[in-house]
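Peer 1: Chains as they are written, first to last, in this note's numbering: chain A, 64 to 388; chain B, 273 to 543; chain C, 273 to 543; chain D, -1 to 258; chain E, -1 to 258. Beta carbons are placed, not taken as given, at the ideal position from N, Cα and C, and that holds for glycine.
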Amino acid sequence: QAKESFKLCWSIYVGWMPWEYGDSSGIIDKWAKKYDIDIEVVQINDYIESINQYSAGAFDACAMTNMDALTIPSAGGVDSTALIVGDFSNGNDAVILKEKTSIEDIKGQRVNLVELSVSHYLLARALDSVGLSERDVQVVNTSDADMVAAYGTDQVTAVSTWNPLVNEILNMPKSNQVFDSSQIPGEIIDLLVVHTETLDKYPAFGKALVGAWYEIMEKMQGDESVREHMGIASGADLARYESQLASTKMFYQPGDAVEFVHSPELKKTMADIAEFSFDHGLLGEGAPDAQFIGIETPAGIYGNAANVMLRFNPEYMQLAADDKL
Amino acid sequence: MKRLINRQPSSVTRAFLGILPLVLALLVYQWGSTVRKAENPQDKLLPGFVEIHDAMERMALTPSKRTGELLMWEDTKSSLKRLVSGVAIAAAIGLTVGLLTGAIPLFGASLTPVITVISLIPPMALLPILFIVFGIGEVSKVVLIVIGVAPFLIRDLYQRTCELPREQLVKSMTLGANSGQIIFRVLLPQILPRLFASVRLSLGAAWLFLIASEAVASTDGLGYRIFLVRRYMSMDVILPYVAWITLLAFLIDCLLQQGSKRLFPWYHAAK
Amino acid sequence: MKRLINRQPSSVTRAFLGILPLVLALLVYQWGSTVRKAENPQDKLLPGFVEIHDAMERMALTPSKRTGELLMWEDTKSSLKRLVSGVAIAAAIGLTVGLLTGAIPLFGASLTPVITVISLIPPMALLPILFIVFGIGEVSKVVLIVIGVAPFLIRDLYQRTCELPREQLVKSMTLGANSGQIIFRVLLPQILPRLFASVRLSLGAAWLFLIASEAVASTDGLGYRIFLVRRYMSMDVILPYVAWITLLAFLIDCLLQQGSKRLFPWYHAAK
Amino acid sequence: MIEFRNLWKNYDDNVVLENLSAQVGSGEFITLVGTSGCGKSTFLKLLLGTEVTSRGSILLDGRPIADEPGPDRGIVFQKYSVFPHLTVRENVALGREFECGPIFGRVFGSARKAILAEADHWLESVGLTPARHRYPHELSGGMQQRLAIAQALIKQPRLLLLDEPFGALDPGIRKDMHQLVLSLWGQHKLTVFMVTHDLSEGFYLGTRLWVFDKCRMDPQAPERFGSTITFDLPVGKTDRQSLDKIKESLARSAQIPVAV
Amino acid sequence: MIEFRNLWKNYDDNVVLENLSAQVGSGEFITLVGTSGCGKSTFLKLLLGTEVTSRGSILLDGRPIADEPGPDRGIVFQKYSVFPHLTVRENVALGREFECGPIFGRVFGSARKAILAEADHWLESVGLTPARHRYPHELSGGMQQRLAIAQALIKQPRLLLLDEPFGALDPGIRKDMHQLVLSLWGQHKLTVFMVTHDLSEGFYLGTRLWVFDKCRMDPQAPERFGSTITFDLPVGKTDRQSLDKIKESLARSAQIPVAV
Ligand SMILES: Nc1ncnc2c1ncn2[C@@H]1O[C@H](COP(=O)(O)OP(=O)(O)OP(=O)(O)O)[C@@H](O)[C@H]1O
Ligand SMILES: Nc1ncnc2c1ncn2[C@@H]1O[C@H](COP(=O)(O)OP(=O)(O)OP(=O)(O)O)[C@@H](O)[C@H]1O
Ligand SMILES: [Mg+2]
Ligand SMILES: [Mg+2]
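(1) For chain D, check one thing: does any of its Cβ atoms lie closer than 8 Å to the Cβ of residue 466 of chain C?
(2) Spell out a yes or no on whether the segment 510 to 525 of chain B and the segment 392 to 404 of chain C are touching, meaning 3 or more CB-CB pairs, one atom from each, closer than 8 Å.
(3) Give me the Cβ distance between residue 272 of chain A and residue 364 of chain A, rounded to the nearest whole Å; I'm assuming they're in contact under 8 Å.
(4) Tell me the DSSP bridge mates of residue 195 of chain E?
(5) Return yes when the C-beta of residue 9 of chain D is under 7 Å from any heavy atom of ligand 1, and no when it is not.
(6) Measuring from the CB of residue 259 of chain D, is there a heavy atom of ligand 3 at a distance below 7 Å?
(7) In terms of residue numbering, what span does the alpha helix (DSSP H) encompassing residue 98 of chain E cover?
(8) What is the DSSP secondary structure of residue 265 of chain D, reduced to helix, strand or coil?
(9) Would you say residue 93 of chain D lies against chain C (beta-carbon separation less than 8 Å)?
(10) Can you list the residues of chain B that residue 454 of chain C reaches, using a CB-CB cut of under 7 Å?
(11) Leaving out five residues on either side along the sequence, give the residues of the same chain with a beta carbon under 8 Å from the beta carbon of residue 167 of chain A.
(12) Suppose contacts are defined by Cβ-Cβ distances below 8 Å. Is residue 270 of chain A in contact with residue 117 of chain A by that definition?
(13) Quick check on DSSP: helix, strand or coil for residue 7 of chain E?
(14) Name the chain B residues that come within less than 8 Å of residue 153 of chain E, Cβ to Cβ?
(15) For a contact defined as C-beta to C-beta under 9 Å, what are the partners of residue 150 of chain D on chain C?
(16) Spatial neighbours of residue 216 of chain E within its chain, please: C-beta separation below 7 Å, excluding the five flanking residues on both sides.
(17) What number of angstroms, rounded off, separates the C-alpha of residue 201 of chain D from the C-alpha of residue 33 of chain E?
(18) Could you check whether the Cβ of residue 476 of chain B sits closer than 8 Å to any Cβ belonging to chain C?
(19) Pull up the CB-CB distance for residue 26 of chain D and residue 194 of chain D, whole angstroms please, since I reckon it's below 8 Å.
(20) Should residue 153 of chain A be labelled buried (16 or more other beta-carbon atoms within 10 Å of its own) or exposed?
(21) List, from N- to C-terminal side, the beta strand (DSSP E) runs of 3 residues or more that fit wholly inside the segment 22 to 64 of chain E.
(22) At a threshold of 7 Å, does residue 161 of chain D count as lining ligand 3 (C-beta to nearest heavy atom)?
(23) Quick test of your reading: residue 58 of chain D and residue 41 of chain D, contact by CB under 8 Å. State the CB separation rounded to the nearest angstrom.
(24) Taking buried to mean at least 16 other C-beta atoms within 10 Å of its own C-beta, is residue 106 of chain A buried or exposed?
(25) Do residue 467 of chain C and residue 355 of chain C have their CB atoms nearer than 8 Å?
(26) Check the Cβ of residue 212 of chain A against every Cβ in chain B and list those closer than 7 Å, keeping chain order.
(27) Consider the Cβ of residue 195 of chain D: report whether some Cβ of chain E lies at a distance smaller than 8 Å.
(28) Measure the C-alpha to C-alpha separation of residue 257 of chain D and residue 219 of chain D and round it to an integer number of angstroms.
(29) Would you call the segment 146 to 165 of chain E and the segment 121 to 130 of chain E touching, i.e. three or more CB-CB distances under 8 Å?
(30) Can you tell me which of A/135, A/294 and A/122 puts its alpha carbon nearest to the alpha carbon of residue 507 of chain B?
(31) For residue 181 of chain D, go through chain E and note every residue whose CB falls closer than 7 Å to its CB, in chain order.
(32) Of the choices A/316, A/349 and A/388, whose alpha-carbon is the least far from that of residue 140 of chain A?
(33) Indicate, with yes or no, if ligand 4 has a heavy atom lying under 7 Å from the CB of residue 193 of chain E.
(34) Which residues share a DSSP beta bridge with residue 363 of chain A?
(35) Mind listing the chain E neighbours of residue 437 of chain B? Cutoff is C-beta to C-beta under 7 Å, in chain order.
(36) Exposed or buried, residue 431 of chain B, counting other C-beta atoms within 10 Å across all chains shown (16 or more means buried)?
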C-alpha cells in the first residue's frame, strides 16, 4: 500500500526560510518517515501564486500571513487551519518616508505598496495611530520585486513594505522609518496553514510538520551555520539575515506559540483584520459584513460560527511543547 | 472522392468548423467549473458563467464605491492610452531608424550591430535602470513598451527598406533626386504600409509589456486590475478581463488592417 | 561627392562604425556609475566594472557555500534545458499544426479561428490556471514557453505553407501523389527551413516567458537568480546576467542560422 | 481521344471561355496562342482538372475527365514546376516513389536503386545526366524546364500540358528546347497541348495551331463575352496570308485595355 | 559624343567585359544583343554610373562620365521602373517635383499645376492620358513600360538607356512599343542604348546593332575572359547572311553551360 503523500509550499521570507533548511537538511523527510507519510516541500517565488495554488487545492499546506489566510483561502471557501504560528513581525514591516521624519507627514503623499497585502494593513494602522485615514493618501500598487528600484526614483516618497526590502530601502540616503510593525506587535503573524479537512483526516501530517518545525527551530536558534544557510538561500548572507531576524519575533519554543494563540489578543487582532479586509472588499462580493467569515481561536469564535473557515488550532504545537511527538 | 488537400469546405461548413472548437472549449470550461464547484461551492479558480456575468456587471456597469467610476472602462482607457502611446512612439522610432539605416549605408553600418544587441536584451530585467532614467510614472510604462517593441520594428523595417527594388533608387537618381528626396518621396511612402504590417505583428508583445508594466507600479489599467484581484484569486474578474483584452487586441488588429487597406490601396492590390 | 545613399563604408570603417555605439554606451554607463558613486558610495544601481567583475567571479567561479555548485553554470544549464524543451515542443506543435492547417482546407477552416484567438490571449494573465493544470514543476515552465510561442509558430507556418506555389501541389498530383505523400515529401521538407526562420523570430518571446516563469516558481535558472537578487537590487549580479542572456540569445540565433544553412543549402541559395 | 463539348467557363460574371467545341486525336501536338488574359491557361486548367467547366464537358476516351489532377496528365508550368528541395535525380524519381511508397512516398534498398536507374534514363533523354546531383537552383532556366519535362514524362502521361514552358528562356536556348520537345513527342507518342505567346513557336512546333480569341466584343464590358477557338489550323498547311491575318487580329484584340 | 576607351570590367576574378572600345554620336539608336550573362546589363550599368569601370574609361563629351546616376541619363528597366505608390500622373511629375522642391521633393499651388500639365503632355505622347489617375498595378505590362518611358523623358536626358524594356510583354503589344520608341526617338533627338534578347527587335529598331560576345573562350573557366563588341553593324546595311552568322555564333555561346 502506497504511503499517503502531501505537498507543502512556501515562498522566500525571513520567517519561512526554515522550511528550506528542513527540506535540504532532510529533517522533514525524517519526520515524514517517522509518521509513515511522504511530504514534498516546494519553493514558489511568487508569494501570491503559492497561496493561490494552495487555495486551488494543489498543495496541502502553505506558509502565509494571518491576513492572507483570511482573505484568500478562507474567503474562497477553503476551510483552513493555522497549524504552526511561527513568528510575528516585530519591525519587519515598516512605513518609510523620504526626507520626512514623522508619520503625520505622510498626509497627501502617494504611498507605494503591494495593495491589499499586510503592508496595506500596516499603513492603515499607521494612519489610524495619528488619526488619519486612507483618504488622506493615495495608494499606488507596486510589485514587491520592484519596490527597491522604485524607491530610487524621485517620484516615490513613501513606501510601506516588508523585509528584506525595508533594510535595503533604509540603506538608501534620506530614508526614515516612521512606523513599523513593532508598534503593532502580534498583528502580522506568519503561519503555516493547512486544509482543515486534510488535517482532520491525517493527523499524522500535522504531527510530522510540527515535529519537524520545532527540530529546525532548535537548530536555528543554536547554530549560526544553520542561519547562514537560510540567509544564503534567501539570496542574502548571514549578517543581513540576522538583521531581519532581529525584527522578527520567532517562537523558537512551542510553548510560546501555544501561549500566543491562547491569548485573547489574537481574537481581537483577527477582528481588526477582518474589518480591514471587509472595508477593502477582500471578503468577497457575497460578504454582507466583516463577521461573514467565522474565525475560530481558543479564545472564542469571531464572526459567523456557522461559516468558520479559519481556525487557530494550538493542539499540535501543544503536543510538541509536551514532547509527545 | 477528391484528395483531402483538394476538398474545400463550403462557406457554411467553414463557419461551422471554425466555431466548433471555440464552443468545445467553452463546454470543457463549463464542465471543469461544475466539477470544481461540486467539491467546493466557493471555488474561485473556475467561476461559473453566472459569477463571471455578475463580476462583469460590477466592473463595467456599477460605479465603484471608492471612486464612483466604472472601473472596467477606466482601466481600458488608461491601458489603451499607454498602449497606443507606446506603440505610436515605437512605430515612429522604428520607422525613422529603420528607414534611415536601410537607406543610408553609413547609418546602417553604425547602428545595425547595436540594434541587434538591444533587440536581444530582455527588457524586464533592466527595470531598475529604466525607473531611474524615466521615473516610475506613466513615462516608464510607455517606455517599457517602446523598448520592448521598437527594436523589432527597426529591424523589420530596415529589412523591408533594403528589400525595395534597387531599380527604384536608380530610377529616382536619374530623375535628379538627392538622398533626402529619395527617402521622403520614394522610400518613406513605400515603407509606411509595411510599418502597419510590422506593428500588427508586434502588438502581441506590446500587450505583454503593457501588462507587465502595469504590474510594476500603477493605480489603474487592465493589467493592474488583473494583478490586484489576483491577490484574492478573483478569476471571475480575471477571465473576462483576459477575454476583453483578447477582443481589444483583435479589434486593434482589424483596425490597422482596414486602415492600411484604405490608406495604401496600391500596396494591397499589388500583392 | 556622391549622394549619401550611395556612399558605402569600407569594411574597416564599417567595423569601426559598428563598434562605436557599443563603446559609447559603455562609456556613458561608466560615467553614470561614477557620478552616482560620487554621490552615494553605496549606490547599487550602477555598479562599477570592478564590482561587476567580483560578482561574476563569485557566481561563475566560486562554488556556492550552500550547495557547492557554480551557480551561474547551474542556472544556465537549468534555463537552457527549459528554453530548449519549450521551444522544441512549440516548434513540433507549430510545424504539425501549421503544416496540416495550411495543407488541408478542412483542418484550416476549423482551427484557424481558434488559433487566432489563442494567439491574442496574454498568457501571463492565466498563470494560476496554468499552474493548477500543469503543476508547479518543470512542466509548467516549459508549457508557458510553449503557450507563448506555439501560436505564433503555427500562424507563421500556416502562412508559409499557403504561400508555397500552388503549381507544386498540382505537379505532385500529376505525379500521382496522394494527400499524405504530398504533405510528407513536398510540403514538409520545404517548410522545415521556414520553421528555423520562425523559431529564430520567436526566440525573444521564448526568453521573456522563460524568465517570467522562473520568477514565479523555480529554485534555479537565470530568471530565478535575477528575481532573487532583485529584491536587494544587486545590479552587480543582474547586469552581467542580462549580458550573459543576451550573449546566449545571440549564440542560439547564430547556431540556428548556421544549422539551417547546413541542412537546407537549396533554400538559402535560392533566396 | 479528347472531345470538348460546348464548353463554357466563367468566373462569376467574367466569361472566360465561350461555347468551345473541338476534338483531338491521340498523338496530336496542339499549340495554343492568344492575347494575354484570353483564357489559355484556364483552358489548360480545365484539362488538368484544377478547374471545372461551368457548362459543357470534356470527355477523355468518351468519359468525363477526372476533376482532379492525376498521373494520366503531365504538366509543365513556366515556373515552379520542379521541387527546389530535391536534387535533379530525386525530382525525376519522385513520381515513381509515390507509386511504390504508398504512405510516405519513400522507397529504400533495391527498389530505390531501380527507380533511380529509371530516373537516370529519363535524365539522359533530356540531356541532364551531368547535372543529376545538382539542386534546381544550380541549374539555368532551360535546364530547369528540361528537368520539369523529364519529371512529367516518367509517369508516361496520356496528355502532356505545357503552359508557356519556354516563356522565360533566352531565344537561343528556346530553339534547343523545341528540338527536345519535338523529339520526345515523336519518340513517346505523346498528346501535347502547349500554350505559347510566341506565334512563330506555335507555327514551328505543333501539328495543329489553335488561336483563342473573342468572337464578340463589348468594349464597355470586355468580361461579358468569352474566348473560343477562332482559328484551328493544321500547321503543315499554313501560308503567309493566314499568319498575317492572325497577327492582325491578335493585335486588334490587344489594343483594347483589359478591365481592371 | 560618347567614347568607350579600352573598357574592362570584372567582378573579382570574373571578367565580364574585356577591352571594349567604341564611339557613339549624338542621336544614334544602339541595340545590344548577346547571350544571357554576357554583360549587357553590366555595360548599361557602367553607362548609368551604378558600376565603375575596372580599367579604361567612358567619356561623355570628352569628360569622364559621372560615377552616379543623374538626370542626364534616363533608364527603363524590365521591371520596377515605376513607383507603385504614385498614380500614373504623379509618376511622371515626380522628376520635375524633385527639381522644384529641393528638400522634400514636393511642390504645391500653381507650380504644382504647371508640373502636372507638363506631365499630362508627356502622358499624351505615350498614349496614357485616359489612365492618368490610375495606379501602376492597375495597368497592363505594356502600359507600365510606356509610363516608365514618359517618366524618363520628362527630364529630357542626353542618353536613354533601356534594359530589355519589352522582355516581359506580349508580342502583339511589343510591336506597338517599338512604334512608340521609334517615334519618340525621332521627335526628341534622343541617344538610345537598348538591350534586348530578341534579335529581330535589334534589327528592326536601331541605327546600329552591337553584339556582345567573348572573342576568346576557356570552356573550363568561362569567367576567365570577358565579352566585347563582336559585331557592330549599321542596321540599314544588314543582309540575310550576317543575320544568320550572328544567330549561329550566339547559339554556339549559349550551349556552354554557365558556371554556377
Ligand atoms: N481564379 C480566378 N478567379 C477569377 N478570375 C480568373 C481566375 N483565373 C483566371 N481568371 C480570369 O480569367 C481570364 C483568363 O485568364 P488566363 O490566365 O486563362 O489567361 P491567359 O490566356 O493564360 O493569359 P496569359 O497569356 O497572360 O497567361 C482573365 O481575365 C483572368 O482575370
Ligand atoms: N554585382 C555583381 N557581382 C558579381 N558578379 C556580377 C554582378 N553583376 C553581374 N555579375 C556577373 O556579370 C556577368 C554579366 O551579368 P549581366 O547581368 O551584365 O548579364 P546580361 O548580359 O545582362 O544577362 P541577361 O541577358 O541575363 O540580363 C554575369 O556572369 C554575372 O554573374
Ligand atoms: Mg496563362
Ligand atoms: Mg541583363
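Peer 2: On the basis of the supplied data:
(1) As a working note, residue 466 of chain C is residue 194 in the third sequence. False, the Cβ-Cβ gap to chain D never drops below 8 Å.
(2) yes
(3) In the first sequence, residue 272 of chain A corresponds to position 209, counting from 1. In the first sequence, residue 364 of chain A corresponds to position 301, counting from 1. Contact between residue 272 of chain A and residue 364 of chain A does not hold, since the beta-carbon distance rounds to 25 Å and is not under 8 Å.
(4) On the fifth sequence, position 197 is the one that residue 195 of chain E refers to. Residue 195 of chain E pairs with nothing; no bridge assigned.
(5) Residue mapping note: residue 9 of chain D aligns to position 11 of the fourth sequence, counting from 1. Indeed, a heavy atom of ligand 1 lies less than 7 Å from the Cβ.
(6) Since the first and last residues shown for chain D are -1 and 258, residue 259 of chain D lies out of range.
(7) Along the fifth sequence, read from residue 1 onward, the residue named residue 98 of chain E stands at position 100. Residues 86 to 98.
(8) Residue coverage of chain D in this structure runs from -1 to 258, which leaves residue 265 of chain D outside it and unanswerable.
(9) If you number the fourth sequence from 1, residue 93 of chain D lands on position 95. Among the residues facing chain C, residue 93 of chain D is included, as its CB has a counterpart in that chain under 8 Å away.
(10) By one-based count along the third sequence, residue 454 of chain C stands at place 182. Within chain B, the residues near residue 454 of chain C are 277.
(11) For the purposes of this step, residue 167 of chain A is taken as the residue at position 104 of the first sequence. Same-chain partners within the cutoff: 193 and 195.
(12) If you number the first sequence from 1, residue 270 of chain A lands on position 207. If you number the first sequence from 1, residue 117 of chain A lands on position 54. No, these two residues do not count as a Cβ contact at 8 Å.
(13) Looking up residue 7 of chain E in the fifth sequence gives position 9. Residue state, collapsed to three classes: strand.
(14) Residue mapping note: residue 153 of chain E aligns to position 155 of the fifth sequence, counting from 1. Those are 446, 447 and 448, listed as they occur along chain B.
(15) Working through the fourth sequence from its first residue, we reach residue 150 of chain D at position 152. Neighbours of residue 150 of chain D on chain C, chain order: 443, 446 and 447.
(16) For this step, residue 216 of chain E is matched to residue 218 along the fifth sequence. Only 222 and 223 meet the Cβ criterion.
(17) The residue you call residue 201 of chain D lines up with position 203 of the fourth sequence. The residue you call residue 33 of chain E lines up with position 35 of the fifth sequence. Their Cα atoms are separated by approximately 24 Å.
(18) Here the question's residue 476 of chain B lines up with position 204 in the second sequence. For residue 476 of chain B, the nearest CB of chain C lies under 8 Å from its own CB, placing it at the interface with that chain.
(19) By 1-based counting over the fourth sequence, the position of residue 26 of chain D is 28. By 1-based counting over the fourth sequence, the position of residue 194 of chain D is 196. Not confirmed; about 16 Å, so no contact.
(20) For this step, residue 153 of chain A is matched to residue 90 along the first sequence. With a 10 Å radius around the Cβ and a threshold of 16 neighbouring Cβ atoms, residue 153 of chain A comes out buried.
(21) With a minimum length of 3 residues, the continuous beta strand (DSSP E) runs that stay inside the segment 22 to 64 of chain E are 27 to 31 and 53 to 58.
(22) In the fourth sequence, the residue the question calls residue 161 of chain D occupies position 163. Answer for residue 161 of chain D: yes, Cβ within range of ligand 3.
(23) If you number the fourth sequence from 1, residue 58 of chain D lands on position 60. If you number the fourth sequence from 1, residue 41 of chain D lands on position 43. About 15 Å separates the two Cβ atoms, so there is no contact after all.
(24) Here residue 106 of chain A corresponds to residue number 43 of the first sequence, with the count starting at 1. Burial call: buried.
(25) Mapped onto the third sequence, residue 467 of chain C falls at position 195. Mapped onto the third sequence, residue 355 of chain C falls at position 83. No; because the gap between Cβ atoms is not below 8 Å, this pair is not in contact.
(26) Along the first sequence, one-based indexing puts residue 212 of chain A at 149. By Cβ distance, chain B contributes 399, 400 and 403.
(27) As a position in the fourth sequence, residue 195 of chain D is number 197, starting the count at 1. Cβ-Cβ to chain E under 8 Å: yes for residue 195 of chain D.
(28) The sequence position of residue 257 of chain D within the fourth sequence is 259, counting from 1. The sequence position of residue 219 of chain D within the fourth sequence is 221, counting from 1. The pLDDT assigned to residue 257 of chain D is 34, lower than 50, so where the model puts this residue is not dependable, and the model offers no usable value.
(29) These segments touch.
(30) Residue numbering aside, residue 507 of chain B sits at position 235 when the second sequence is read from its first letter. The residue with the shortest Cα to Cα distance from residue 507 of chain B is A/135.
(31) Counting from 1 along the fourth sequence, the entry for residue 181 of chain D is found at position 183. Under the 7 Å cutoff, chain E gives no residues; its nearest Cβ is about 17 Å from residue 181 of chain D.
(32) Sequence index remark: in the first sequence, residue 140 of chain A carries index 77 (1-based). When only C-alpha atoms are compared, the closest one is A/349.
(33) Residue mapping note: residue 193 of chain E aligns to position 195 of the fifth sequence, counting from 1. Yes, Cβ of residue 193 of chain E sits closer than 7 Å to a heavy atom of ligand 4.
(34) For the purposes of this step, residue 363 of chain A is taken as the residue at position 300 of the first sequence. Residue 363 of chain A is bridged to A/360.
(35) As a position in the second sequence, residue 437 of chain B is number 165, starting the count at 1. Residues of chain E passing the Cβ test: 78.
(36) To locate residue 431 of chain B, count along the second sequence from 1; it is residue 159. Under this definition residue 431 of chain B is an exposed residue.
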